[in-house]
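Quick notes on the structure that follows.
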Amino acid sequence: MWGVSETAISILAKLVILAVFSQYLGIALPFIATVVYFLQRFYLQTSRQIRLLGIEAKAPLYTHFSESVAGGATIRAFGWQARYQERNYHRIDSSQKPSYVQSCIQAWLTFVLNLVVAVLAVVLVGVVVTWHDKFSAGSVGVSLVMVIGFSEVLARLIQSWTKLESSVGAVARVRRFVAETEAEQTAGKERLSGDWPHSGAVNFSNVVASYGPDAEPILKGVSLSVEAGAHVAICGRSGSGKTSLILSLLQMTDVKEGKIEIDGVDVSTLVPSELRSCINVVSQDPFLMPGTIQFNVDPLSAVSDDDDARITQALDRVGLSRHVQEQGGLGAEMDDKAWSAGQKQLLCMARAMLRQCKLLILDEAMSSVDSETEAVMQDVVDNEFRGCTVLAVMHRLKHVSRYDAVVLLGDGEVLEMGEPSSLIAGGGRFAELYRMNSN
């Protein structure tokens, strides 16, 4: 805004000086102003479209960069460095094309403005030659100097105005997003008591859910009942609806039909944030926060400050006591690079142990760890969460026989449900999936 104001004042001052020292030149100024106005409109519209194209062109580059950083170990292990470098170069070239076009447009603007100023200079010289007796050498010199620098100031004004318009447009888009995006509804929702859920029984009754009001259903009439304290494995191929089932339980999808209950309470009647705070969740990607190790294990201060023995016991149960001591103890800062993926996931399991919640959700929590860590995590689930309801979304079925029941999903529907041994012996779809996973 300051750049536009400063440039506009500078142009106004030059025009006043030209009008004072060359009164007849004022006749041409309205025509020059009209030309500049149409140039500005054309340049502004084109520059806006090029800017949007530039934002779209950079999206694949940012995505490729983040994926390369996240999968760096895999890329090096398979020797894909050259391939990914080539892809990166290609995306950089594509992302810079709008910038090249923008530079060409700016060069065109400078050229056209120079032509406009050249016309203004010709008019000035013509006026001076025609009425040479009315102008002094000093006034002609001042006018020519003003005209020579006029094109640069005009170009700066138009470019500053374009940047200002783009910035205002960005703010307008953010405000429109805030205004149009619906927030989670809390009005009329029930508040929860501190010890809920009491037992952890979960019930889905003919649930139809989607990721939006107009989106296709991701759950299609799902009905299942999980008794309190039962350990249930949720299985299925990719895209079968396993994670969608968990998200629906956490009020993160649009449930169009049916009802989801925990301990007989319809979750749609509860405040979403309070519902999620009462459920233990360990996801596939471990969530760590800046701060001490103790803060990461017990971020909600479930354990009193003078009872570090419970935290130490939880870390010992997941096999992290020695590693924590090597890092400097519970008071040491959390160094993300000093922890392997498996150790981070074990830390999340220790965090879940301290919360003592009756409902635990494992969303493919063991799918990205090694076999040894997976065995430790499964032992923790069996021993430390005995009496708690466990819903485990499973990708690897190595330990599925240790669960009380299995729910097999496919295309958003429950295909099979029962005890693991019975389903494996029955020779159905789960038995086929189990054999494929074992091989």
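Under the UniProt record's numbering, the first residue of the sequence shown carries the number 1, and numbering increases by one thereafter.
Even for Gly, the Cβ is constructed at its ideal location relative to N, Cα and C.
Separation of residue j from residue i, as counted between CA atoms
i: residue 114; j: residue 153; result: 11 Å
i: residue 220; j: residue 239; result: 13 Å
i: residue 442; j: residue 234; result: With the chain covering 1 to 439 only, the question about residue 442 has no answer from this structure.
i: residue 289; j: residue 301; result: 14 Å
i: residue 102; j: residue 48; result: 10 Å
i: residue 107; j: residue 43; result: 11 Å
i: residue 120; j: residue 175; result: 43 Å
i: residue 437; j: residue 294; result: 37 Å
i: residue 157; j: residue 124; result: 23 Å
i: residue 421; j: residue 401; result: 7 Å
i: residue 181; j: residue 66; result: 27 Å
i: residue 346; j: residue 398; result: 18 Å
i: residue 266; j: residue 259; result: 7 Å
i: residue 390; j: residue 308; result: 27 Å
i: residue 406; j: residue 71; result: 32 Å
i: residue 372; j: residue 320; result: 13 Å
i: residue 336; j: residue 75; result: 21 Å
i: residue 200; j: residue 296; result: 25 Å
i: residue 276; j: residue 356; result: 14 Å
i: residue 424; j: residue 282; result: 27 Å
i: residue 358; j: residue 433; result: 30 Å
i: residue 33; j: residue 251; result: 59 Å
i: residue 167; j: residue 50; result: 15 Å
i: residue 172; j: residue 386; result: 53 Å
i: residue 130; j: residue 170; result: 51 Å
i: residue 191; j: residue 271; result: 7 Å
Residues of its chain near residue i, where Cβ-Cβ distance is below 6 Å and the 5 sequence neighbours each way are ignored
i: residue 440; result: As displayed, the chain neither begins before 1 nor continues past 439, which places residue 440 out of reach and without an answer.
i: residue 374; result: 366
i: residue 353; result: 314 and 384
i: residue 163; result: none
Buried versus exposed call for residue i [16 or more other C-beta atoms within 10 Å across all chains shown]
i: residue 388; result: buried
i: residue 52; result: exposed
i: residue 340; result: exposed
i: residue 89; result: exposed
i: residue 37; result: exposed
i: residue 213; result: exposed
i: residue 104; result: exposed
i: residue 100; result: exposed
i: residue 223; result: exposed
i: residue 350; result: buried
i: residue 206; result: exposed
i: residue 241; result: buried
i: residue 298; result: buried
i: residue 342; result: buried
i: residue 177; result: exposed
i: residue 79; result: exposed
i: residue 197; result: buried
i: residue 430; result: buried
i: residue 326; result: exposed
i: residue 31; result: exposed
i: residue 416; result: buried
i: residue 202; result: buried
Spatial neighbours of residue i in its chain, beta-carbon cut-off 8 Å, leaving aside the 5 residues before and after
i: residue 95; result: 54, 57, 58, 60 and 61
i: residue 243; result: 363, 364 and 393
i: residue 46; result: 105
i: residue 253; result: 209, 210, 211, 218, 219, 244 and 247
i: residue 159; result: 106 and 109
Same chain only: Cβ atoms within 7 Å of residue i, ignoring 5 sequence neighbours per side
i: residue 449; result: As displayed, the chain neither begins before 1 nor continues past 439, which places residue 449 out of reach and without an answer.
i: residue 284; result: 363, 364, 365, 367 and 368
i: residue 344; result: 286 and 288
i: residue 155; result: 109, 110 and 113
i: residue 92; result: 61
i: residue 35; result: 116
i: residue 64; result: 87, 88 and 91
i: residue 292; result: 330, 331, 332, 333 and 334
i: residue 324; result: 293, 315 and 330
i: residue 280; result: 352, 355, 357, 359, 360 and 361
Reference residue i, options the options, closest by Cα
i: residue 380; options: 337, 394, 129 and 315; result: 315
i: residue 318; options: 173, 382, 338 and 70; result: 382
i: residue 331; options: 311, 344, 343 and 73; result: 311
i: residue 40; options: 347, 378, 85 and 110; result: 110
i: residue 418; options: 428, 411 and 241; result: 428
i: residue 273; options: 337, 424, 184 and 413; result: 184
i: residue 396; options: 322, 426 and 439; result: 439
i: residue 255; options: 415, 215, 282 and 276; result: 215
i: residue 262; options: 172, 360, 32 and 370; result: 360
i: residue 269; options: 50, 227 and 189; result: 189
i: residue 413; options: 249, 236 and 338; result: 236
Ignoring anything shorter than 3 residues or poking outside the stretch 247-288, list the beta strand (DSSP E) runs there in chain order.
Assignment of beta strand (DSSP E) within the stretch 247-288, counting only whole runs of 3 or more residues, yields 254-262 and 280-282 in chain order.
Suppose only complete runs of 4+ residues qualify. What are the alpha helix (DSSP H) ranges in the stretch 150-225, listed by chain order?
Entirely contained in the stretch 150-225, the alpha helix (DSSP H) runs reaching 4 residues are, in chain order, 150-180.
Extract the residue ranges of the alpha helix (DSSP H) inside the stretch 60-131, only unbroken runs of 4 or more that lie entirely within it.
Here the runs fully enclosed are 72-77 and 81-130.
Unbroken stretches of the beta strand (DSSP E), 3 residues or longer, contained in the stretch 353-378:
Fully enclosed beta strand (DSSP E) runs of 3 or longer: 359-363.
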